[in-house]
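Visitor: I am attaching a structure below and will ask some questions about it afterwards.
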Amino acid sequence: MISGRGSNMQALVSAIADRGLDAQVVAVVSDKSQAPGLLWARSQGLETRVLESAGYVTREEYDQALATLIESFDPDYVLLAGFMRILSDGFVQQFAGRLVNIHPSLLPAFPGLRTHEQAIACGVQWHGCTVHFVTPVLDGGPIIAQAVVPVLADDTSNSLAQRVLVAEHRLYADVLGWLTAGRVHLSPEGRVTVEADTLRAYVLPAGHAQSIQ
Ligand code: GRF
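Right under this line is the structure:
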């Protein structure tokens, strides 16, 4: 599920091919008809759907329509990849245990928006991203994995965001690999264990860069 650029969605789709994951993206769903990520998804022959919120009076009404749309594809997992809407409790509960989000900070630090600006303003030396199960608490669900990047003295929120985004793409692809292999376990108490041959938390050096579309 996307709302904009969709670079994380692209990373997930590419990981399936590049890493030979036993997974299929059954649909890319956006709440914005103009989301640039939709164009890319269509160019790859993926199913896309748009459900805009105009015309829905309440959040619950919209989320119910969204849930019906998503269930029509019968997905094992619903991956939020820059989907910029707060989801209602009912929606989150309906997809509990299979609803996953990526957030551009080392949660529980900096939930919400403008995380890179906040990290610089706070003077933290390390920043990063978190993939987590979604619960009704905003950016507060059980953490599956995290990747860490350094904050450099001359960073702007833009340069920091670019460094974090590289980490996001790798981290989300790693988590998708674990999810599709059935290696991620969520206990009733909300603790995550991963049977992984790679680390669930790792540091990407500052020099690690790639072009961002
Ligand atoms: C990413 O930083 C993601 O973590 C955040 O919004 C951004 C979306 O980027 N939730 P993209 O659409 O995946 O390129």
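Note that the working numbering has the sequence shown beginning at 818, numbered continuously upward. Idealized CB from N, CA, C, for every residue including glycine.
1. Just checking residue 931 against the ligand GRF - is the residue's beta carbon closer than 7 Å to any of the ligand's heavy atoms?
2. Does the separation of the CB atoms of residue 936 and residue 964 fall below 8 Å?
3. According to DSSP, is residue 1012 part of a helix, a strand, or is it coil?
4. Starting from the C-beta of residue 1032, find all residues in its chain whose C-beta is less than 8 Å away, skip the five residues before and the five after it, and write them out in chain order.
5. Are the beta-carbon atoms of residue 884 and residue 908 separated by less than 8 Å?
6. Is the beta carbon of residue 942 less than 8 Å from the beta carbon of residue 967?
7. Nearest to residue 843 by alpha carbon, out of 969, 972, 1012 and 892?
8. If you drop the 5 nearest sequence neighbours on each side, which residues of the same chain put their C-beta closer than 7 Å to that of residue 838?
9. Cutting at 7 Å between CB atoms, please list the residues of its own chain near residue 956, excluding the five before and the five after it.
10. How about residue 825: is its Cβ closer than 7 Å to a heavy atom in the ligand GRF?
11. Counting only runs that start and end within the stretch 875–944, where is the beta strand (DSSP E) found for 3 or more residues in a row?
12. Distance check for residue 825 and residue 855, CA to CA, integer angstroms please.
13. Is any non-hydrogen atom of the ligand GRF found closer than 7 Å to the C-beta of residue 1037, if you look at the structure I gave you?
14. In chain order, what residues of the same chain have a beta carbon less than 6 Å from the beta carbon of residue 821, not counting five sequence neighbours either side?
15. Exposed or buried, which one is residue 939 when buried takes at least 16 other CB atoms within 10 Å?
16. Give a yes or no on whether the C-beta atoms belonging to residue 829 and residue 989 are separated by under 8 Å.
17. Measure the C-alpha to C-alpha separation of residue 1002 and residue 1012 and round it to an integer number of angstroms.
18. Taking all protein chains shown into account, do 16 or more other C-beta atoms lie within 10 angstroms of the C-beta of residue 823, making it buried, or fewer, making it exposed?
19. Got a sec? Which residues, its chain only, sit under 8 Å from residue 869 by beta carbon, not counting five neighbours each side?
Guide: Walking through what the data contain:
1. Position 114 of the sequence shown, counted from the first residue, corresponds to residue 931. Every heavy atom of the ligand GRF is 7 Å or more from the Cβ of residue 931, so no.
2. Here the question's residue 936 lines up with position 119 in the sequence shown. Here the question's residue 964 lines up with position 147 in the sequence shown. Contact: no.
3. On the sequence shown, residue 1012 is found 195 positions in, with the first residue counted as 1. If DSSP states are grouped into helix, strand and coil, residue 1012 belongs with coil.
4. Within the shown structure, residues of the chain are numbered from 818 to 1030, placing residue 1032 beyond reach of any answer.
5. Position 67 of the sequence shown, counted from the start, is the residue given in the question as residue 884. Position 91 of the sequence shown, counted from the start, is the residue given in the question as residue 908. Yes, the pair counts as a contact, with Cβ atoms nearer than the cut-off.
6. Within the sequence shown, residue 942 is the residue found at index 125, counting from 1. Within the sequence shown, residue 967 is the residue found at index 150, counting from 1. Pairing residue 942 with residue 967 gives a Cβ-Cβ distance under 8 Å.
7. Taking the first residue of the sequence shown as 1, we reach residue 843 at position 26. It is 892 whose Cα lies nearest to the Cα of residue 843.
8. Position 21 of the sequence shown holds residue 838. These residues qualify, in order along the chain: 832, 993, 994 and 997.
9. Here residue 956 is taken as the residue at index 139 of the sequence shown, counted from 1. In its chain, beyond the 5 residues on either side, 920, 924, 928 and 929 have a beta carbon closer than 7 Å to the beta carbon of residue 956.
10. As a working note, residue 825 is residue 8 in the sequence shown. Yes, the Cβ of residue 825 comes within 7 Å of a heavy atom of the ligand GRF.
11. Complete beta strand (DSSP E) runs here, min 3: 895–897 and 916–920.
12. Position 38 of the sequence shown, counted from the start, is the residue given in the question as residue 855. Position 8 of the sequence shown, counted from the start, is the residue given in the question as residue 825. When only Cα atoms are considered, residue 855 and residue 825 end up about 12 Å apart.
13. Only positions 818 to 1030 of the chain appear in the structure, and residue 1037 is not among them; the question remains open.
14. If you number the sequence shown from 1, residue 821 lands on position 4. For residue 821, the CB contacts under 6 Å within the same chain, skipping 5 residues up- and downstream, are 852 and 899 in chain order.
15. Translated into the one-based positions of the sequence shown, residue 939 becomes position 122. Flag for residue 939 reads exposed.
16. If you number the sequence shown from 1, residue 829 lands on position 12. If you number the sequence shown from 1, residue 989 lands on position 172. At the C-beta level, residue 829 and residue 989 come within 8 Å of one another.
17. In the sequence shown, counting from the first residue as 1, residue 1002 sits at position 185. In the sequence shown, counting from the first residue as 1, residue 1012 sits at position 195. Rounded to the nearest angstrom, the two C-alpha atoms are 8 Å apart.
18. Against the sequence shown, residue 823 aligns to sequence position 6. When all chains shown are included, residue 823 counts as buried.
19. Taking the first residue of the sequence shown as position 1, residue 869 is located at position 52. For residue 869, same chain residues with a beta-carbon under 8 Å away, outside a window of 5 residues either side, are 848, 849 and 850 in chain order.
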